[in-house]
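Accompanying notes for the structure given below.
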Amino acid sequence: MVGILHKKLILPRPPNPGYHSGLAMLSFVVFAIFAYGGIEAVGGLVDKTEKPEKNFAKGIVFAAIVISIGYSLAIFFMGRQH
């Protein structure tokens with residue numbers, strides 16, 4: 001096989017050396033809390049869903065997965081810029 005699949009993946013280091021500390025990494029949790037905190041705002045829509053005991057839980061899990069993937073991709077691609 002020839003192509004991009006055979007290119008070695010080099011994950012970049014953050015441009016700010018201060019970002020390597022544990023405290024700086026932990027401070028990112030604030031952004032994650034706000035991202036996932038919005039999920040609970042849809043609690044008022046439970047009465048408008050079919051089979052809420054089943055479908056609402058699935059929706060919450062799906063939303064959390066979509067947010068996680070979105071954040072991961074954004075962090076990965078923004079880190080690739082030099």
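The letter at position 14 of the sequence shown is residue 14 when you use the UniProt record's numbering, and the numbering goes up by one with no holes. The beta carbon of each residue, even a glycine, is placed where N, CA and C say it ideally should be.
State the DSSP-derived secondary structure class of residue i, mapped to helix, strand or coil.
i	result
lysine 51	coil
methionine 1	For methionine 1, the predicted model reports a pLDDT of 49, less than 50, meaning its position is unreliable and no value from the coordinates is stated.
Starting from the Cα of residue i, find the closest Cα among the options and give me that residue.
i	options	result
alanine 32	Asn55, Gly70, Lys51	Gly70
glycine 38	Phe76, Ala64, Met78	Ala64
glycine 43	Leu73, Gly59, Ala74	Gly59
Which residues in the same chain as residue i place their Cβ atom closer than 8 Å to its Cβ, once the five residues preceding and following it in sequence are excluded?
i	result
alanine 35	Ile67, Tyr71
Identify, in the order they occur along the chain, each residue of the same chain with its Cβ nearer than 6 Å to the Cβ of residue i, setting aside the five sequence neighbours on each side.
i	result
aspartate 75	A small fix is needed here, since residue 75 is isoleucine in this sequence, not aspartate. Result list for isoleucine 75: empty, nothing under 6 Å.
Who are the Cβ neighbours of residue i in its own chain at under 7 Å, not counting the five residues just before and after it?
i	result
valine 46	Pro52, Phe56
Between which two residues does the alpha helix (DSSP H) holding residue i run?
i	result
valine 29	29–37
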